[in-house]
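Accompanying notes for the structure given below.
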Amino acid sequence: MSQDSSRIEEQQVSGNQLLGTLKRIVREGNVRRVVVKNASGRTLLDVPLTAGVVGAALLPFWAAVGGLAALAARYTLVVERIDQPKPPAVV
3 MSQDSSRIEE
13 QQVSGNQLLG
23 TLKRIVREGN
33 VRRVVVKNAS
43 GRTLLDVPLT
53 AGVVGAALLP
63 FWAAVGGLAA
73 LAARYTLVVE
83 RIDQPKPPAV
93 V
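Each residue of the sequence shown is one higher than the last, beginning at 3 in the working numbering.
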């Protein structure tokens with residue numbers, strides 16, 4: 003019986019770094035969810051990402067991020083990552 007655990011990471015990015023940073027995060031894998039917030043903390047984009055979502059399925063996501071990048075100077079990215087299970091210890 004395994005239980006998925008996750009951790010939350012937050013980072014501040016400027017508008018011109020938003021798209022590149024998100025692409026890097028998604029490429030790294032093990033991302034369950036991405037939330038983009040503006041400087042006042044309001045959620046602008048909340049996207050659940052499932053394993054295997056790639057290519058054309060992400061086009062609407064990238065279009066929305068590109069539009070957001072032009073609107074403001076600072077954003078907070080909240081990334082929920084899935085912790086990989088540790089292999090059992092060998093005794």
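Don't be surprised by glycine CBs; every beta carbon is placed ideally from N, CA and C.
Asked: In whole angstroms, give me the CA-to-CA distance for ARG29 and ALA41.; Found: 25 Å
Asked: Quick check: what's the CA-CA separation for THR78 versus GLY17?; Found: 10 Å
Asked: Return the CA-CA distance between ASN32 and VAL81, expressed in angstroms with no decimal places.; Found: 10 Å
Asked: Using a 10 Å radius around the Cβ and a threshold of 16 neighbouring Cβ atoms, would you call VAL67 buried or exposed?; Found: buried
Asked: With DSSP run on the structure shown, which of helix, strand or coil describes LEU47?; Found: strand
Asked: Tell me the DSSP secondary structure of ASN40 in three-state form.; Found: strand
Asked: Compare the Cα-Cα distances from ARG35 to each of GLN14, VAL49 and ARG26 and report the closest residue.; Found: VAL49
Asked: Cα separation between VAL15 and VAL38?; Found: 10 Å
Asked: What whole-angstrom Cβ distance do GLU12 and ARG83 have, given they're in contact under 8 Å?; Found: The Cβ separation is near 12 Å, so there is no contact.
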